[in-house]
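Heads up: the sequence shown at position 79 corresponds to 79 in the UniProt record's numbering, and the numbers run straight through without jumps. Glycine included, C-beta positions come from ideal geometry on N, C-alpha and C. These notes concern the structure reproduced below.
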Amino acid sequence: MGKFIYNSSPREIEIDDRTLAHLRVAILNKLRRSESFAMTWEHGVENGSGRTTMWLHESVPLQFVFSGNRQPTLNRLWIEQLLLAANSTAGLVFVPEPTENEPIESD
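Laid out in structure tokens, this is it:
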């Protein structure tokens with residue numbers, strides 16, 4: 001289980017390494033182009049339910065901490081779906097990994 005750490009907040013989001021690797025690519029692509037955006041995730045019932053939304057901006061430090069040392073093979077379609085979500089009015093949300101032959105949906 002990896003961690004996403006935004007700013008110097010003591011709050012860390014635990015995310016499995018495979019998902020975190022895909023989020024890393026999508027988030028860094030957006031921030032590299034100076035594109036701020038919202039990111040929302042659900043806490044899950046084990047963490048009291050609910051959800052959190054953060055505004056991500058290039059000037060705020062962030063960290064992607066992986067528990068494993070192997071880089072997973074990336075799914076291009078998943079990255080594209082994450083980027084489409086980040087460009088939407090709802091912002092970036094965790095979407096399940098598509099299979100390689102699923103069509104890309106946009107809003």
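query                                                                                                                             : result
Within 10 angstroms of the Cβ of residue 2, are there 16 or more other Cβ atoms? Answer buried if so, exposed if not.             : buried
If you follow the beta strand (DSSP E) that residue 53 is in, where does it begin and where does it stop?                         : 51-56
Determine which residues share a DSSP beta bridge with residue 2 and list them.                                                   : 15
Output the distance between the C-alpha atoms of residue 90 and residue 69, rounded to the nearest integer angstrom.              : 32 angstroms
Are the CB atoms of residue 57 and residue 88 within a distance shorter than 8 angstroms?                                         : no
Name the DSSP bridge partner or partners of residue 94?                                                                           : Beta-bridge pairing links residue 94 to no other residue.
Determine the direct distance from the alpha carbon of residue 53 to that of residue 72, and round the result to whole angstroms. : 27 angstroms
Check this for me: beta carbons of residue 19 and residue 66, under 8 angstroms apart or not?                                     : no
DSSP state of residue 71, grouped into three classes?                                                                             : coil
Which residues bound the alpha helix (DSSP H) around residue 42?                                                                  : Not the alpha helix (DSSP H): residue 42 falls in the beta strand (DSSP E), residues 37-42.
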